[in-house]
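Number of protein chains: 2
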Amino acid sequence: GELARAQPVSTPEVEAFLDTLKWDKNGLVVAIAQNVDTGAILMQGFANRDAISATIASRRATFFSRSRSQLWTKGETSHNFIHVQDISIDCDRDSIVYLGQPDGPTCHTGAETCYYTSVPMDEPKLLASTLYALEELIARRKTEEIAPGAKPSWTRRLQQDPKLLCSKIREEASELCQTVEASEGMERTVSEMADLLYHSMVLLSVQNVKLEEVTTELRKRFGQSGIEEKSKRPPKPTAG
Amino acid sequence: GELARAQPVSTPEVEAFLDTLKWDKNGLVVAIAQNVDTGAILMQGFANRDAISATIASRRATFFSRSRSQLWTKGETSHNFIHVQDISIDCDRDSIVYLGQPDGPTCHTGAETCYYTSVPMDEPKLLASTLYALEELIARRKTEEIAPGAKPSWTRRLQQDPKLLCSKIREEASELCQTVEASEGMERTVSEMADLLYHSMVLLSVQNVKLEEVTTELRKRFGQSGIEEKSKRPPKPTAG
Ligand SMILES: [Zn+2]
Ligand SMILES: [Zn+2]
Ligand SMILES: [Zn+2]
Ligand SMILES: [Zn+2]
Ligand SMILES: [Zn+2]
Ligand SMILES: [Zn+2]
Ligand SMILES: [Zn+2]
Ligand SMILES: [Zn+2]
Ligand SMILES: [Zn+2]
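Protein sequences, first through last, are from chains A and B. Be aware that the first sequence starts at 48, since it is given in my numbering, and climbs by one per residue. Be aware that the second sequence starts at 48, since it is given in my numbering, and climbs by one per residue.
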């Protein structure tokens, strides 16, 4: 644990920044860790000056443990660190978000996030933001029992029939292009992009790929200007 | 304001749930509001028993204002409510997330979220989760000045040439399909999905459509089993 704990590093810039925060009477602000790829809120703790300066210096999410009265770097025992990419503070400067990539499950229970418990409300709920909730729904379809004689869902049919799935993806890509080619306007664009996104997420489920792997890939590319580098290459000829 | 303030509604189920939370010595838990479509953290406040029961009853994010010692429903003056779809609590039950759809900007400054201030770190930062950061980068390309003689970025070239853009989208859709058709494995699937997602997001920028509109559309569809209803319809013939 001790060696993996991030240490505060005092610099004039960091000290000047810390002076602008609105600390509570215990010298703390609320600190929230968020997954940079999925947007999932991973955990919430508190941070004092040293916790924030240790996070800035090490880029590992670090908190102040109120029960043990000491710094605590998430991952110092589990080695599941949260690698911080961005820190932002709220308008009245008493709350801070660590936006980062977790090495593994954040919760000590092994759950991806500490917020795995949903409060019962009247209607069916979404446990994650929309795309990740849709991904879960698609994953459930893949393994659900289908009673003899019952019709499988559209999602399940696509999962069982790669030819149908691929013909739908090519069709939806074409319909999305037609919104530009035929100037069909914003409403149709929204609808066709939703069609394409849904059908290609079904393909991801068939290939056992998580949307998070795709967003991580995108982050690597545009973070390193990978997408922009492509501009030096001529576009490949269109397939088909 | 007063009329728009949500009122607590006591039911045995809600009271039983509230009894399981770990309240601090002021009877509060940390309460975080998150955008269900984008994953953006909108604001952070505190909630007491009444604030949570008012939120559950009204489905409008409601907090306890420590400075005014009273309930406060986000939107009671601005009418920008946060319509709560899901509530979750963390593993030690002292922190709560309201996941909802905001009617408009959450911050009193007019910013979409209260966390609009980024802390200066060494490297370029991402202000939102990956897909929304990519959307911002694509939007910036659309309006950037290109010095005479300089080569535009790949993104800008796509934005200026609908024919090139559409041929790329159809190509990338086909390449994604080929990962299934030719059993190309997970790594290629990730890469091709990233290609398709990026290029179709450039199309969204051309059509002035926000990714958030697409995820809202997807949430409406699968929330109402709209996608599943499609299974009753035969697939349309493939275009092209
Ligand atoms: Zn605040
Ligand atoms: Zn690591
Ligand atoms: Zn936990
Ligand atoms: Zn379509
Ligand atoms: Zn907690
Ligand atoms: Zn509303
Ligand atoms: Zn604010
Ligand atoms: Zn290609
Ligand atoms: Zn490709």
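For each residue, glycine too, the CB sits at the ideal point set by N, CA and C.
Checklist entry - Where B:K189 and A:V76 are concerned, what is the direct C-alpha to C-alpha distance, given to the nearest angstrom? => result Approximately 38 Å, taken between the alpha carbons.
Item to check | Three-state secondary structure assigned by DSSP to B:D133 | outcome: B:D133: strand per DSSP, three-state reduction.
Item to check | Host beta strand (DSSP E) of A:E93 (start-end) | outcome: First, the amino acid is wrong: residue 93 of chain A is Phe here, not Glu. Taken as a continuous stretch (DSSP letters only), the beta strand (DSSP E) holding A:F93 covers I88 to A94.
Item to check | Cα-Cα separation, B:F288 to B:V56 | outcome: Here chain B covers residues 48 to 287 and nothing more, so residue 288 of chain B does not appear.
Checklist entry - Anyone know if the C-beta pair for B:L68 and B:R140 falls short of 8 Å? => result Yes, the Cβ-Cβ distance between B:L68 and B:R140 is below 8 Å.
Checklist entry - Which residues in chain B sit within 7 Å of A:Q81, going by Cβ to Cβ distance? => result Result: I88.
Item to check | Chain-ordered neighbours of B:F110 on chain A, where CB pairs are closer than 8 Å | outcome: Residues of chain A passing the Cβ test: none, with the nearest at roughly 13 Å.
Checklist entry - For ligand 5, any of its heavy atoms closer than 7 Å to the Cβ of A:Q91? => result At least one heavy atom of ligand 5 is nearer than 7 Å to the Cβ of A:Q91, so yes.
Checklist entry - On the three-state DSSP scale, how would you describe A:T207? => result Thr is not the amino acid found at residue 207 of chain A; the sequence shown has Gln there. DSSP places A:Q207 in helix when its eight states are reduced to three.
Checklist entry - Who are the Cβ neighbours of B:I129 in its own chain at under 8 Å, not counting the five residues just before and after it? => result In its chain, beyond the 5 residues on either side, A80, L89, R107, A108, K121, G122, Y145, G147, Q148, P149, D150 and T153 have a beta carbon closer than 8 Å to the beta carbon of B:I129.
Item to check | Buried/exposed call for B:S247, threshold 16 Cβ in 10 Å | outcome: B:S247 should be labelled buried.
Next on the checklist: Looking at chain B, is there any beta carbon in it that lies within less than 8 Å of the beta carbon of A:F64?
Outcome noted: Output row for A:F64: interface = yes.
Next on the checklist: Can you look up A:G74 in the DSSP assignment and give me helix, strand or coil?
Outcome noted: It is coil, neither helix nor strand.
Next on the checklist: Does A:L50 pass the burial test, meaning 16 or more other C-beta atoms within 10 Å, or should it be called exposed?
Outcome noted: Per the 10 Å Cβ criterion, exposed.
Next on the checklist: What does the Cβ neighbour count give for B:K72, buried or exposed, with the cut at 16 atoms within 10 Å?
Outcome noted: Label assigned to B:K72: exposed.
Item to check | DSSP bridge partner residues for B:G147 (one or two, in chain order) | outcome: For B:G147, DSSP records a beta bridge to B:N82 and B:V131.
Checklist entry - Residues bridged to B:Q117 by DSSP? => result The partner list for B:Q117 (beta bridge, DSSP) reads B:S112.
Next on the checklist: So that I know if they touch, is there some Cβ in chain B lying closer than 8 Å to that of A:N127?
Outcome noted: Output row for A:N127: interface = no.
Checklist entry - Can you find a heavy atom of ligand 3 that lies under 7 Å from the Cβ of A:H126? => result Outside the cutoff, so no.
Checklist entry - Looking at the structure shown, is B:R107 part of a helix, part of a strand, or coil, going by DSSP? => result The answer is strand: DSSP assigns B:R107 an E or B state.
Next on the checklist: Residues in the same chain with beta-carbon distance under 7 Å from B:V249, minus the five sequence neighbours each way, listed in chain order, please.
Outcome noted: So the list reads I185, T202, L205, Q206 and L212, once near-sequence residues are dropped.
Checklist entry - Which residues of chain B have a Cβ atom closer than 7 Å to the Cβ of A:A194, listed in chain order? => result At a beta-carbon threshold of 7 Å, none of the residues of chain B lie near A:A194; the nearest stands roughly 15 Å away.
Checklist entry - Is the Cβ-Cβ distance between A:S135 and B:T156 less than 8 Å? => result Contact: no.
Checklist entry - What distance in whole Å lies between the Cβ atoms of B:D242 and B:E222, which are believed to be in contact at a cut-off of 8 Å? => result Contact flag correct, Cβ pair sits at about 7 Å.
Checklist entry - Looking only at its own chain, which residues have a Cβ that is under 7 Å from the Cβ of B:L118, when we skip the five neighbours before and after it? => result Cβ neighbours of B:L118 beyond the five flanking positions: R52, D97, A98, A101, T109 and F111.
Checklist entry - Which chain A residues sit within Cβ distance under 9 Å of B:E264? => result Chain-ordered, the chain A residues with CB closer than 9 Å to the CB of B:E264 read V237, S238, M240 and A241.
Next on the checklist: What does the alpha-carbon distance come out to for the pair A:L251 and B:V227?
Outcome noted: For A:L251 and B:V227, the gap between their C-alpha atoms comes out near 9 Å.
Checklist entry - In this structure, does DSSP put A:T164 in helix, strand or coil? => result If DSSP states are grouped into helix, strand and coil, A:T164 belongs with the strands.
Checklist entry - Just curious, the alpha helix (DSSP H) that A:I185 is in, first and last residue? => result Annotation for A:I185: the continuous alpha helix (DSSP H) segment containing it runs T177 to T190.
Checklist entry - Just by C-beta distance, which residues in the stretch 156–167 of chain A are closer than 9 Å to chain B? => result Result list: T156, A158, T160, C161, Y162, Y163, T164, S165, V166 and P167.
Checklist entry - Is there at least one Cβ from chain A nearer than 8 Å to B:S135's Cβ? => result Taking Cβ atoms only, chain A reaches closer than 8 Å to B:S135, which makes this a yes.
Checklist entry - For B:S142, which of helix, strand or coil comes out of DSSP? => result For B:S142, the secondary structure class from DSSP, reduced to helix, strand or coil, is strand.
Next on the checklist: Using 8 Å for Cβ pairs, my map puts B:T236 next to A:V256. What's the rounded Cβ distance?
Outcome noted: Taking 8 Å as the upper bound for CB-CB distance, B:T236 and A:V256 are in contact here, some 5 Å apart.
Item to check | Supposed close pair B:V253, A:L244 - CB separation, criterion 8 Å | outcome: With a Cβ gap of about 17 Å, B:V253 and A:L244 do not count as contacting.
Item to check | CA nearest to the CA of A:G86, picked from B:V61, B:D133, B:A104 and B:Y179 | outcome: That would be B:Y179, whose Cα lies nearest to the Cα of A:G86.
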